[in-house]
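Numbering (my numbering), first residue to last: 236 to 523.
Ideal placement from N, C-alpha and C gives every residue a C-beta, glycine not left out.
Take a look at the structure set out below.
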């Protein structure tokens, strides 16, 4: 890691702390909506390893929305059947976890090549349950949707390195990113597009590349706006040398269960060796 990147990783915690403390001081006097948000997520895949990893993720958090500003904070509770994946700011990474040196040594591997052979989990001592790294996100809407222009939101995110890298519940480093989101109604459907850039910390024995993230989605309101169908495609540029970039496609349904509350069910299929084979989730946003 070069000196410039080390400097950026070292200064982000201080900058993120100043932003969060300023917002926390301002919010008590601001009119807005506070929601409890969360989800259960099940993911399974071999990735590019010779054995599968199953994970259950229970996300808990709060979201505060006031005018053009939205602040969310989330903490995951994690079960993983192996220590070979790591929870990061962009989701689960097939980093090799505590055996990341085995991944880092595959410098000549081609994307889609032979699986990386790792020790059987029965021969290892590792924690299957634990608390993952918390993630905070700040979004600011620049302008509302108009007759011809989409609504535009700028966002910044930071993952706090509280979980140990050896458990797979975190990477042991700060991750942070920034992005832009567009939303536009096109007749009966709503179009969503997101693009962002992430700076990810390296594991002790594996360099993690800084990726661009992208997603496009189409939403179809149902039952006079009481429900909606969403179809999405999302991915990242390459994160690990010699491994295909992550990508997946999914679909979901959301249902309003109150003036400020909704429930969601989603499923997705991985389209590359860096993504889980399948993911299913049930989520909620409950106004307080």
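Q) Taking the continuous beta strand (DSSP E) assigned at residue 371, which residues delimit it? A) In the chain shown, the residue the question calls residue 371 occupies position 136. That run of the beta strand (DSSP E) goes 370 to 378.
Q: Could you tell me if residue 284 is buried or exposed, where buried requires 16 or more neighbouring beta carbons within 10 angstroms of its beta carbon?
A: Numbered from its first residue, the chain shown carries residue 284 at position 49. By the 10 Å Cβ count, residue 284 comes out buried.
Q: Keeping to the same chain, check which residues put their C-beta closer than 6 Å to that of residue 455; ignore five residues upstream and five downstream.
A: What you label residue 455 is simply residue 220 of the chain shown in a count that begins at 1. These residues qualify, in order along the chain: 424 and 464.
Q: Please specify which runs of the beta strand (DSSP E), each continuous and at least 3 residues long, are wholly inside the region 410 to 481, giving them in chain order.
A: 410 to 421, 424 to 435, 447 to 457 and 462 to 471
Q: Compare the C-alpha of residue 468 against each of 451, 475 and 458 and name the closest.
A: Counted from its first residue, the chain shown places residue 468 at position 233. Here the closest residue by C-alpha is 451.
Q | Three CB pairs or more closer than 8 Å across the region 373 to 380 and the region 347 to 360 | A | no
(Q) What would DSSP say about residue 407, mapped onto helix, strand or coil? (A) The count along the chain shown starts at 1 and reaches residue 407 at position 172. Coil at residue 407, not helix or strand.
Q.
Helix, strand or coil, according to DSSP, for residue 388 in the structure here?
A. For the purposes of this step, residue 388 is taken as the residue at position 153 of the chain shown. Of the three classes helix, strand and coil, the one that applies to residue 388 here is strand, per DSSP.
Q: Leaving aside the five residues before and after residue 529 along the sequence, list all residues of the same chain whose C-beta is less than 8 Å from its C-beta, in chain order.
A: What is shown of the chain runs 236 to 523, which leaves residue 529 out entirely.
Q) From which residue to which residue does the beta strand (DSSP E) around residue 276 run? A) Working through the chain shown from its first residue, we reach residue 276 at position 41. 268 to 280 is the extent of the beta strand (DSSP E) around residue 276.
Q. Roughly how many angstroms separate the alpha carbons of residue 259 and residue 449, rounded to a whole number?
A. Residue mapping note: residue 259 aligns to position 24 of the chain shown, counting from 1. Residue mapping note: residue 449 aligns to position 214 of the chain shown, counting from 1. Only weak support exists for where residue 259 lies, its pLDDT of 42 falling under 50; the value from the coordinates is given anyway. If I take the Cα positions, the gap works out to 30 Å.
Q: Would you kindly work out how many angstroms separate the C-alpha atoms of residue 506 and residue 483, rounded to a whole number?
A: Residue numbering aside, residue 506 sits at position 271 when the chain shown is read from its first letter. Residue numbering aside, residue 483 sits at position 248 when the chain shown is read from its first letter. Residue 506 and residue 483: Cα-Cα distance of roughly 5 Å.
Q: Classify residue 327 as helix, strand or coil using the three-state DSSP reduction.
A: Here residue 327 is taken as the residue at index 92 of the chain shown, counted from 1. Of the three classes helix, strand and coil, the one that applies to residue 327 here is strand, per DSSP.
Q | Three-state class that DSSP yields for residue 485 in the structure shown | A | Numbered from its first residue, the chain shown carries residue 485 at position 250. Correct three-state label for residue 485: strand.
Q) Which term fits residue 327, buried or exposed, when burial requires 16 or more other beta carbons within 10 angstroms of its beta carbon? A) Within the chain shown, numbered from 1, the residue matching residue 327 stands at position 92. With 16 or more other Cβ atoms within 10 Å, it is buried.
Q: Go to residue 298, then tell me how far its beta strand (DSSP E) extends in each direction, as first and last residue.
A: For the purposes of this step, residue 298 is taken as residue 63 along the chain shown, with counting starting at 1. Start and end: 288 to 301.
Q: Can you give me the Cβ contacts of residue 388 inside the same chain, cut-off strictly under 6 Å, excluding the 5 residues immediately before and after it?
A: Here residue 388 refers to the residue found at position 153 when the chain shown is read from its first residue. Taken in chain order, the residues that qualify are 374, 376 and 416.
Q | Residues sharing a beta bridge with residue 304, DSSP | A | Within the chain shown, residue 304 is the residue found at index 69, counting from 1. Answer by DSSP bridge pairing, in chain order: 301 and 375.
(Q) Excluding the 5 residues flanking residue 294 on each side, which residues of the same chain have their C-beta closer than 6 Å to its C-beta? (A) Here residue 294 corresponds to residue number 59 of the chain shown, with the count starting at 1. Answer for residue 294: 273, 274, 309 and 311, listed in chain order.
(Q) Using a Cβ-Cβ cutoff of less than 7 Å, which residues in the same chain neighbour residue 385 once the five nearest sequence positions on both sides are dropped? (A) Here residue 385 corresponds to residue number 150 of the chain shown, with the count starting at 1. The answer, listed in chain order, is 417, 418 and 419.
Q.
Just verifying my parser: in three-state terms, what is the DSSP assignment at residue 320?
A. Stepping through the chain shown from its first residue, residue 320 is reached at position 85. Coil, per DSSP.
Q. Which residues mark the beginning and the end of the beta strand (DSSP E) in which residue 352 is found?
A. The count along the chain shown starts at 1 and reaches residue 352 at position 117. Element bounds for residue 352: n/a, residue is neither H nor E.
(Q) Does residue 288 pass the burial test, meaning 16 or more other C-beta atoms within 10 Å, or should it be called exposed? (A) Taking the chain shown and counting its residues from 1, one reaches residue 288 at position 53. With 16 or more Cβ atoms within 10 Å of its Cβ, residue 288 is classed as buried.
Q.
Given this structure, state the Cα-to-Cα distance separating residue 515 from residue 408, to the nearest angstrom.
A. Taking the first residue of the chain shown as position 1, residue 515 is located at position 280. Taking the first residue of the chain shown as position 1, residue 408 is located at position 173. Roughly 27 Å separates the two Cα atoms.
Q: Please determine, among 332, 508 and 267, the residue with the shortest C-alpha to C-alpha distance to residue 299.
A: Position 64 of the chain shown, counting from 1, holds the residue named residue 299. Measuring from the Cα of residue 299, the nearest candidate turns out to be 267.
Q | Span separating the alpha-carbon of residue 331 from that of residue 320 | A | Here residue 331 is taken as the residue at index 96 of the chain shown, counted from 1. Here residue 320 is taken as the residue at index 85 of the chain shown, counted from 1. So the two alpha carbons sit approximately 6 Å from each other.
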